[in-house]
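Right, one structure below, let's go through it.
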Amino acid sequence: MAYETLLVETRGNVGLITLNRPQALNALNSTVLKELKQAYAAFHIDDGIGAIVLTGSERAFAAGADIKEMQPLEFAEVYKNDFISGWDEIAKARKPIIAAVSGFALGGGCELAMLCDFIIASETAKFGQPEITLGVIPGIGGSQRLTRAVGKAKAMDLILTGRMMDAAEAERSGLVSRVVVPERLLDEAMEAATKIASLSHPSVLMAKEAVSRAFETTLEEGLRFERRLFQSLFATEDQKEGMAAFIEKRKPVFKNR
Ligand code: CO8
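Under numbering that gives the first Met the number 0, the residue at position 113 of the sequence shown is numbered 112, and the numbers go up by one with no gaps.
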């Protein structure tokens with residue numbers, strides 16, 4: 000399938016999506032959203048794909064929602080059309096998605112990275128929620144996911160001032176899982192995704208579901224949910240294989256069932 004704003008390819012068991020609007024620093028417009036949904040959906044029905052990497056260019060992961068597309072919009076139409084609600088679908092993706100971030104990840108770009116399961120950043124990455132400088136606020140989860148990731152003080156600082164934070168500060172704050180030199184960014188993300196894709200897919204999906212639940216529920220409910228998922232994995236062939244392989248000192252051969 001040909002995309003206008005993305006480059007989409009398969010590398011082994013990993014789906015790689017590259018945002019590709021260099022003239023606008025990968026600003027996220029309605030075509031990007033439509034195409035991202037299509038690319039995600041295609042990878043999700045492909046049994047050969049065990050994980051996805053989402054990246055941008057060296058200069059920008061994404062510099063936010065497309066300001067030129069948004070500027071003329073009026074309240075009545077954004078409200079009636081529930082403008083930007085479509086991005087929620089991306090948060091519901093079931094297969095693990097790693098964001099590999101270089102350069103600017105601002106506004107909707109920072110939020111898109113946070114919709115992924117974890118972020119690996121290049122030393123050049125810059126994160127921020129500058130919407131306040133445009134007379135608006137974050138719209139696809141910035142005020143909620145950033146606050147959960149970095150805590151109230153840092154989230155308020157970033158969202159109220161619109162300032163950017165560099166990769167080192169983002170790692171210290173818990174927003175990103177690793178920071179690497181720019182040349183290593185894609186390899187690091189691909190290696191992590193390849194490792195995930197080599198594991199038993201049911202346990203990977205359940206691990207993602209269990210961690211994600213921590214953001215939605217009480218500790219007691221989350222623990223019960225985790226325990227039920229843990230128990231259910233004993234119904235899989237892969238649990239028998241994984242544990243037998245450990246005892247027999249060999250590599251497991253998972254069948255994803
Ligand atoms: N939208 C549209 N075009 C953009 C955007 C953007 N967000 N960011 C950059 N561009 C364009 C510029 O207009 C410019 O185009 P042109 O050459 O035609 O003038 C080109 O990209 C290059 O940009 P600059 O010349 O500005 O490059 P600099 O290196 O000087 O500056 C910056 C880079 C600092 C990233 C600067 O471009 C900038 O501040 N961009 C805007 C950042 C921003 O405010 N982002 C938040 C947008 S609002 C938002 O995201 C709302 C979130 C809720 C909805 C989410 C839905 C996805």
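For each residue, glycine too, the CB sits at the ideal point set by N, CA and C.
- Taken in chain order, the unbroken stretches of alpha helix (DSSP H) that lie wholly in the region 159-226 and span 4 residues or more are 166-172, 184-196, 200-212.
- Following the DSSP letters along the chain, one finds Ser121 inside the beta strand (DSSP E) bounded by residues 117-121.
- Using a C-beta cut-off of 8 Å, the region 191-209 makes contact with the region 35-53, since at least three inter-stretch Cβ pairs fall below that distance.
- Look at Glu73 here: in three-state DSSP terms it is coil, with no helix or strand label.
- Membership of Val135 in any beta strand (DSSP E) is not indicated, and neither H nor E is assigned to it by DSSP.
- Pairing Gln230 with Ser202 gives a Cβ-Cβ distance that is not under 9 Å.
- The three-state reading of DSSP puts Lys248 in coil, since its state is none of H, G, I, E or B.
- Within a 10 Å sphere around the beta-carbon of Pro95 sit 16 or more other beta-carbons, which makes this residue buried.
- Per DSSP, the beta bridge partners of Thr17 are Leu6, Thr54.
- The residue from Lys153, Glu182, Glu88 with its alpha-carbon nearest to that of Gly102 is Glu182.
- When the Cα atoms are used, Ala26 and Arg256 turn out to be separated by approximately 39 Å.
- Put simply, of Pro21, Ala98, Val77, Ile48 the residue whose alpha carbon is nearest the alpha carbon of Ala62 is Pro21.
- The C-beta distance from Gly85 to Phe42 rounds to 18 Å, too long to meet the 8 Å contact threshold.
- In the DSSP assignment, Gly63 is bridged to no other residue.
- By the 16-neighbour rule on beta-carbons within 10 angstroms, Ala243 is exposed.
- For Val252, the number of other beta carbons within 10 angstroms of its own is below 16, and it is reported as exposed.
- The criterion of a C-beta distance shorter than 9 Å is not satisfied by Glu236 and Val179.
- Taking a 10 Å sphere around the C-beta of Gln128, we find 16 or more other C-beta atoms and assign the residue as buried.
- Fewer than three beta-carbon pairs drawn from the region 135-143 and the region 70-78 are found closer than 8 Å, and the two stretches are therefore not classed as touching.
- For Gly47, same chain residues with a beta-carbon under 7 Å away, outside a window of 5 residues either side, are Asn12 in chain order.
- Looking only at Ser197, Phe224, Leu198, the smallest Cα-Cα distance to Val210 is reached by Phe224.
- Here Ala98 carries a strand assignment [DSSP, helix/strand/coil].
- The continuous beta strand (DSSP E) containing Phe126 extends over residues 125-127.
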